[in-house]
Ligand SMILES: Nc1ncnc2c1ncn2[C@@H]1O[C@H](COP(=O)(O)OP(=O)(O)O)[C@@H](O)[C@H]1O
Ligand SMILES: [Mg+2]
């Protein structure tokens with residue numbers, strides 16, 4: 006699908022950057038004229054994926070998180086969030102609702118469930134020791 | 003994040019203002035837990051009226067406070083969540099644990 010516009014940025018794995026990522030993505034997407042609800046959903050899924058990179062991916066290390074957001078033709082939004090952290094051994098298990106490897110930190114195990122239900126398509130690729138890439142796509146309603 | 007707690011006769015309301023994510027949850031948790039432990043309220047409502055954003059970190063935050071206040075013999079209530087926050091609450095099934103109410107306008 007043709008790319009109409011794109012923003013790409015990299016942030017270090019500091020928790021204060023969770024809100025930075027949401028703010029950058031939502032100001033970029035204003036031009037695609039999303040509804041308030043669509044924008045809220047996108048802010049939420051960006052927050053989930055960036056938080057996972059910080060909390061889990063770079064749990065015992067420190068590194069950068071790469072965020073790419075594209076507006077594609079057909080009013081489709083593409084979001085990629087990548088870390089070079091510890092990776093996920095069993096992706097299927099990790100994606101189960103309520104599954105978390107950090108219950109003592111009050112993680113609810115619902116991040117992937119939110120990403121799944123708030124977007125049209127979620128794909129997770131991960132290699133242990135190399136990192137994790139989350140790609141989400143969502144089509145905005147046309148509202149003339 | 004702005005937290006304002008008002009309390010009378012064991013009934014407390016904590017009004018939060020801002021965004022709830024993993025970063026901010028730590029501070030909210032600290033404030034609410036110290037209030038719960040030192041005041042042992044019968045009932046604590048967290049007012050979400052001025053919360054403009056919440057992701058699944060907020061669910062962990064609510065469940066954690068629910069557990070603590072239940073251990074102390076009280077109960078937790080979630081008040082006035084906005085539409086987008088209701089979607090996250092609903093997905094979590096948290097209404098089975100914690101009462102969710104809305105003030106009449
Ligand atoms: N970027 C990541 N790097 C490493 N592990 C991850 C990453 N994202 C998710 N995980 C793993 O998947 C689990 C489930 O993630 P999620 O559904 O967001 O729940 P939570 O973050 O509340 O634990 C996490 O507990 C963690 O073990
Ligand atoms: Mg998560």
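Chains as they are written, first to last, in the numbering used here: chain A, 6 to 149; chain B, 3 to 107. A virtual CB, placed ideally from N, CA and C, is assigned to each residue, including glycine. Bear in mind that the values here come from a model prediction, so they are computed numbers and not experimental data.
Cβ neighbour criterion (16 or more within 10 Å) applied to residue i
i	result
residue 108 of chain A	exposed
residue 175 of chain A	Given a span of 6 to 149 for chain A in the structure shown, any question on residue 175 of chain A remains unanswerable.
residue 10 of chain B	exposed
residue 150 of chain A	No information on residue 150 of chain A is available, as it lies outside the stretch 6 to 149 that chain A covers here.
residue 43 of chain A	buried
residue 89 of chain B	buried
residue 95 of chain A	exposed
residue 52 of chain B	exposed
residue 60 of chain A	buried
residue 131 of chain A	buried
residue 41 of chain A	exposed
residue 134 of chain A	exposed
Contact list for residue i against chain B, beta-carbon separation under 7 Å
i	result
residue 53 of chain A	57, 58
residue 45 of chain A	86
Nearest-angstrom Cα separation, counted from residue j out to residue i
i	j	result
residue 65 of chain A	residue 105 of chain B	44 Å
residue 82 of chain A	residue 124 of chain A	10 Å
residue 143 of chain A	residue 50 of chain B	28 Å
residue 6 of chain B	residue 58 of chain A	31 Å
residue 129 of chain A	residue 140 of chain A	6 Å
residue 117 of chain A	residue 36 of chain A	27 Å
residue 9 of chain A	residue 38 of chain B	51 Å
residue 27 of chain A	residue 77 of chain B	33 Å
residue 82 of chain B	residue 127 of chain A	31 Å
residue 43 of chain B	residue 34 of chain B	11 Å
residue 84 of chain A	residue 51 of chain A	8 Å
residue 39 of chain A	residue 41 of chain B	45 Å
Residue-chain proximity (residue i, chain A), Cβ-Cβ < 8 Å
i	result
residue 100 of chain B	no
residue 61 of chain B	yes
residue 65 of chain B	yes
residue 46 of chain B	no
Contacts that residue i makes with chain A (C-beta to C-beta distance below 7 Å)
i	result
residue 36 of chain B	Result: empty, since nearest Cβ-Cβ is about 16 Å, beyond 7 Å.
residue 23 of chain B	23, 24, 52, 56
Residue i CB to nearest heavy atom of ligand 2 below 7 Å
i	result
residue 52 of chain A	no
residue 112 of chain A	yes
Within-8 Å CB hit, residue i to chain B
i	result
residue 124 of chain A	no
residue 127 of chain A	no
residue 29 of chain A	no
residue 111 of chain A	yes
residue 18 of chain A	no
residue 97 of chain A	no
Amino acids of chain B, ordered along the chain, whose beta-carbon sits closer than 8 Å to that of residue i
i	result
residue 60 of chain A	24
residue 66 of chain A	Here the premise fails: no neighbours, minimum Cβ distance about 17 Å.
residue 42 of chain A	85, 86
Distance cut-off 7 Å: residue i Cβ against heavy atoms of ligand 1
i	result
residue 93 of chain A	yes
residue 115 of chain A	yes
residue 58 of chain B	yes
residue 68 of chain B	no
residue 57 of chain A	yes
Listed by chain order, chain B residues near residue i by CB distance under 9 Å
i	result
residue 49 of chain A	55, 56, 57, 58, 86, 89, 90
Where residue i meets chain A, residues with beta-carbon distance less than 9 Å
i	result
residue 93 of chain B	102, 115, 118, 119, 122, 123
Proximity test, Cβ basis, 8 Å: residue i and chain E
i	result
residue 101 of chain A	The question asks about chain E, but that chain is absent: this structure's protein chains are A and B.
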